[in-house]
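J.: Sharing a structure with you now.
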Amino acid sequence: MRTVGPEEITVAIEAAGVNFIDLHRRSGALDDGSAFPRGLGMEGAGRVVECGSQVESLAIGDRVAFVDSSTGSYAGHAVVRASRAIRLPDDVPSEVAAGVMFKGLTAEYLTHRCVPLAPGDFVVWHAAAGGVGSIATSWLVARGVHVIGLASTVAKRRQVLEAGCMAALDAEAPGTVGSIHELTDGKGAHVVFDSVGKETVELSLASLRPRGHLVLFGNASGDVTDFNLSRLGQMGSLHVTRPSLKHYIGDDAELTHAAARVLQAMSSGAIRLPRITHYPLALAAQTHCVMQYRQTQGSLILVP
Ligand code: NDP
Numbered sequence: 001m002r003t004v005g006p007e008e009i010t011v012a013i014e015a016a017g018v019n020f021i022d023l024h025r026r027s028g029a030l031d032d033g034s035a036f037p038r039g040l041g042m043e044g045a046g047r048v049v050e051c052g053s054q055v056e057s058l059a060i061g062d063r064v065a066f067v068d069s070s071t072g073s074y075a076g077h078a079v080v081r082a083s084r085a086i087r088l089p090d091d092v093p094s095e096v097a098a099g100v101m102f103k104g105l106t107a108e109y110l111t112h113r114c115v116p117l118a119p120g121d122f123v124v125w126h127a128a129a130g131g132v133g134s135i136a137t138s139w140l141v142a143r144g145v146h147v148i149g150l151a152s153t154v155a156k157r158r159q160v161l162e163a164g165c166m167a168a169l170d171a172e173a174p175g176t177v178g179s180i181h182e183l184t185d186g187k188g189a190h191v192v193f194d195s196v197g198k199e200t201v202e203l204s205l206a207s208l209r210p211r212g213h214l215v216l217f218g219n220a221s222g223d224v225t226d227f228n229l230s231r232l233g234q235m236g237s238l239h240v241t242r243p244s245l246k247h248y249i250g251d252d253a254e255l256t257h258a259a260a261r262v263l264q265a266m267s268s269g270a271i272r273l274p275r276i277t278h279y280p281l282a283l284a285a286q287t288h289c290v291m292q293y294r295q296t297q298g299s300l301i302l303v304p
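Going by my numbering, the first residue of the sequence shown is number 1, and it counts up by one from there.
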């Protein structure tokens, strides 16, 4: 572990969140320009054990969560910029923070700041039983949005319904686009949130109403390439965006505001806490396998 800089803290990690994006960084599918060797893991939670000389916002002993791509959170300790750490309230255990913060911040910007959404709107959410999906769908339901969740197994679809979605469908079953149109008064969804990408983009576009929005925020099945933009006009003047969390929390003040919103939504019950499965840190490789083979529901965390 490197030594702490003037504006940095050292965190003794009590839990690290596992995110699908970690698989992309490990495989090289996501080239963020950082050099090897590098650590894995972009979020963690634990206790501050060391503060740089210029850190005033935090003290040794404070409990924090952090979201930082420059550090590796699959570790016993991490050095992070103090301005990227989020102080945790006493009633949010580190295991919960590590299972919710990165995914909750993603859900926050997607559902509140990325596209226009109002109570009564219809939304389709892919991988709705996953980490981001389970947090985001419950938050939308709490706001009065009608959510159709897509998930690949019966057990996952049961969880989607328990979260309050109006319907749970299998994206790979025949007739899913028709079912979505039937459930949305024959018009289609206002917004589709698609993190699967290559295999589902056509279903997503066909599920939208005229002037609807496709939010393509992941590529679990591969990148969408060679798309003729003129088709958006032919399909109903559709909008498409490909957003990234880093552009919505890049500024420290923005991160602080978004994190406060996530913690507030947890405390008010607007976010239904996802199922959080604990693994020992030594089994990090196994968490990537189960995620890659679509065998997870909710969040996974690693405990050192
Ligand atoms: P999840 O817990 O949602 O796991 C991924 C899920 O994707 C799987 O469980 C599976 O659900 C579904 N899936 C569909 N096709 C595939 C496939 N070919 N391989 C693997 N999984 C597949 O992960 P996270 O909550 O960590 O992340 C959700 C998505 O959000 C990821 O794609 C991630 O990269 C993206 N993301 C994007 C961010 C952004 O700002 N753009 C920020 C954070 C995450 P099912 O079996 O039900 O289909």
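The beta carbon of each residue, even a glycine, is placed where N, CA and C say it ideally should be.
All of these numbers come straight from a predicted model, not from anything done at the bench.
How would you write the range of the alpha helix (DSSP H) that Y279 sits in, first residue to last?
T.: Careful: Y279 lies outside any alpha helix (DSSP H), inside the beta strand (DSSP E) at I276 to P280.
J.: Check whether the region 277-293 touches the region 139-154, counting contact only when three or more Cβ pairs, one atom from each stretch, lie closer than 8 Å.
T.: Touching, no.
J.: At a cut-off of 6 Å, would you count K103 as near ligand 1, judging by its Cβ distance to the nearest heavy atom?
T.: Yes, the Cβ of K103 comes within 6 Å of a heavy atom of ligand 1.
J.: Please list the segments of the beta strand (DSSP E) lying wholly inside the region 247-302, counting only runs of 3 or more residues, in order along the chain.
T.: Listed in chain order, they are 276-280.
J.: Below 8 Å on the Cβ atoms is my guess for P89 versus L263; work out the distance and round it to an integer in Å.
T.: With a Cβ gap of about 7 Å, P89 and L263 count as contacting.
J.: Along the chain, where does the alpha helix (DSSP H) containing V4 start, and where does it finish?
T.: Run containing V4: none; DSSP gives neither H nor E here.
J.: Specify, as a first and last residue, the run of the alpha helix (DSSP H) that T106 falls within.
T.: Note, T106: alpha helix (DSSP H), S94 to Y109.
J.: May I ask you to check if the CB of T106 is nearer than 6 Å to at least one heavy atom of ligand 1?
T.: Under cutoff, so the answer is yes.
J.: Any contact between the region 160-180 and the region 193-206? By contact I mean 3 or more CB pairs, one from each, below 8 Å.
T.: Output reads yes: the region 193-206 touches the region 160-180.
J.: I135 lies in the alpha helix (DSSP H); which residues open and close that run?
T.: Where I135 is concerned, the enclosing alpha helix (DSSP H) stretches over G131 to A142.
J.: Can you tell me whether DSSP reads I60 as helix, strand or coil?
T.: DSSP places I60 in coil when its eight states are reduced to three.
J.: Look up A206 in the DSSP assignment and say whether it is helix, strand or coil.
T.: It is helical.
J.: If you draw a straight line from the C-alpha of A107 to the C-alpha of I135, how long is it?
T.: So the alpha carbons of these two residues sit roughly 7 Å apart.
J.: Smallest Cα separation from L30: which of V132, T10 and G218?
T.: Selected option, being the one with the closest Cα: G218.
J.: Should H126 go down as buried or exposed, given a rule of 16 or more other Cβ atoms within 10 Å for buried?
T.: Buried: at least 16 other Cβ atoms inside 10 Å.
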